[in-house]
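As structure tokens, the structure follows; a few thoughts come after it.
Residue numbers (the working numbering): 132 to 489.
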């Protein structure tokens, strides 16, 4: 039988590591408040409440801190603490630079065919200058009319256009075909199945109904993940944590200058388990105003065994260099390069995407 740990010590250690990582004050306070409440009780009462599932009846103890206490009393290092300690002793600056150097391409970009500000050729040449071997073109799907999403007819024309552009690009670089397809309210994908099957990489994202209740959002996301044509779950919470930095937008970069927006609610354990089961990747969105998923969910996805992309969601050429922001967050959460699919060569990336539909 496992020997119980000290749950108060574990809660305080989590708070310390959150402070060191400059996490939000409210998150640190949650663990320190729970530690204070439990330190004032006899250990026997803490154990009794943990067994009865009544820890959350105590002031300052929530679901997450109660789960940590229960794991500690069972002799297990709390999962939350394990995720935080995974990066102890790591030079995050070096780790982020190494991860950025390992990236071969970008799996989420937009052009002026939808809501981007620059032609496909200009985006591709900027990616070449950054040292990429490929870039996946993922303009929006038709339901997102505010972003001039591509109808089936326009997407077919784009595929022919990309084939022609690829013939003129420098040797060793290619544009991979793709789409950022909307996950519709019923979980289906917003484009013809025949067209989705033709694309190299399909990013699927929720852009509507972001305040749906958790059960409904979870069902919606799970159905999309089960679709064999879907490869990457884009900006999974849909949150906006900051307004666009002054001067950061490019010409025609529509739809991203938005107000702050809280994350969508869904069963993250179920969604990430489904991604791992079906071999789908979770996007680490590098846009400064998104920072999606939040670090706590990024660590949870890592723990679940998920693959990842580190992508810019670029709407202008200069934004293709934003991958460093995603790399910093990935390094902070201990994401290894071999779990990031855009560290792979183009052929391996396409083969992986094809394997979902096999």
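Using N, Cα and C, we set each Cβ at its ideal position, and we do this for glycine too.
Query raised in the report: Grouping DSSP H, G and I as helix and E and B as strand, with all else coil, what is residue 366?
Result: coil
Query raised in the report: From this set, 426, 437, 164, 418, which residue's C-alpha is nearest residue 469's C-alpha?
Result: 437
Query raised in the report: Where residue 292 and residue 268 are concerned, what is the direct C-alpha to C-alpha distance, given to the nearest angstrom?
Result: 12 Å
Query raised in the report: If we ignore side chains and look at the alpha-carbon of each, how far apart do residue 473 and residue 337 end up?
Result: 22 Å
Query raised in the report: Which first and last residues belong to the alpha helix (DSSP H) in which residue 345 is found?
Result: First-last of the alpha helix (DSSP H) with residue 345: 345–357.
Query raised in the report: Where residue 357 and residue 146 are concerned, what is the direct C-alpha to C-alpha distance, given to the nearest angstrom?
Result: 37 Å
Query raised in the report: From residue 398 to residue 196, what distance separates their C-alpha atoms?
Result: 18 Å
Query raised in the report: In its own chain, which residues sit with a C-beta less than 7 Å from the C-beta of residue 359, not counting the 5 before and 5 after it?
Result: 487, 488
Requested in this report: Below 7 Å CB to CB, which residues in the same chain sit around residue 490 once its five sequence neighbours on both sides are set aside?
Outcome: Nothing can be reported for residue 490, as the shown portion of the chain is limited to 132 through 489.
Requested in this report: Check each candidate in 452, 461, 448 and name the one with the smallest Cα separation from residue 492.
Outcome: Residue numbering for the chain in the displayed model covers 132 to 489; residue 492 lies beyond these limits and cannot be assessed.
Query raised in the report: What number of angstroms, rounded off, separates the C-alpha of residue 459 from the C-alpha of residue 466?
Result: 10 Å
Query raised in the report: Can you tell which of 416, 367, 414 has its C-alpha closest to the C-alpha of residue 395?
Result: 367
Query raised in the report: For residue 303 versus residue 264, is the C-beta spacing smaller than 8 Å?
Result: yes
Query - 8 Å contact criterion, which residue 307 and residue 481 should meet: CB distance rounded - result: 7 Å
Query raised in the report: Measuring CB to CB, does residue 216 end up less than 8 Å from residue 148?
Result: yes
Requested in this report: Could you tell me which of 299, 456, 288 sits nearest to residue 270, measuring between CA atoms?
Outcome: 288
Query raised in the report: If you check the beta carbons only, do residue 411 and residue 364 fall under 8 Å apart?
Result: yes
Query raised in the report: When we look at the beta-carbon of residue 393 and count the other beta-carbons within 10 Å, is it buried (16 or more) or exposed?
Result: Label assigned to residue 393: exposed.
Query raised in the report: Are the CB atoms of residue 231 and residue 476 nearer to each other than 8 Å?
Result: no
Requested in this report: Within the same chain, show all residues whose beta-carbon is closer than 6 Å to that of residue 372, passing over the 5 residues directly before and after it, in chain order.
Outcome: 422.
Requested in this report: Below 7 Å CB to CB, which residues in the same chain sit around residue 144 once its five sequence neighbours on both sides are set aside?
Outcome: 212
Report task. Pull up the distance between the alpha-carbon of residue 407 and that of residue 200, whole angstroms please. Result -> 27 Å
Report task. List the DSSP bridge partners of residue 441. Result -> 415
**Report entry** Close-in-space but distant-in-sequence residues of the same chain around residue 193 (CB under 8 Å, 5 per side omitted)
**Finding:** 161, 165, 187
Report task. Taking 8 Å as the cut-off, decide whether the C-beta atoms of residue 457 and residue 417 are in contact. Result -> Closer than 8 Å, so yes.
**Report entry** residue 171 burial status per 10 Å Cβ neighbour count (16 or more: buried)
**Finding:** exposed
**Report entry** Strand pairing of residue 491, partner residues [DSSP]
**Finding:** Outside the shown range of the chain (132 to 489) lies residue 491, about which nothing can therefore be said.
Query raised in the report: Thinking C-alpha only, which one of 181, 233, 326, 260 is nearest residue 281?
Result: The shortest Cα separation from residue 281 among 181, 233, 326, 260 belongs to 326.
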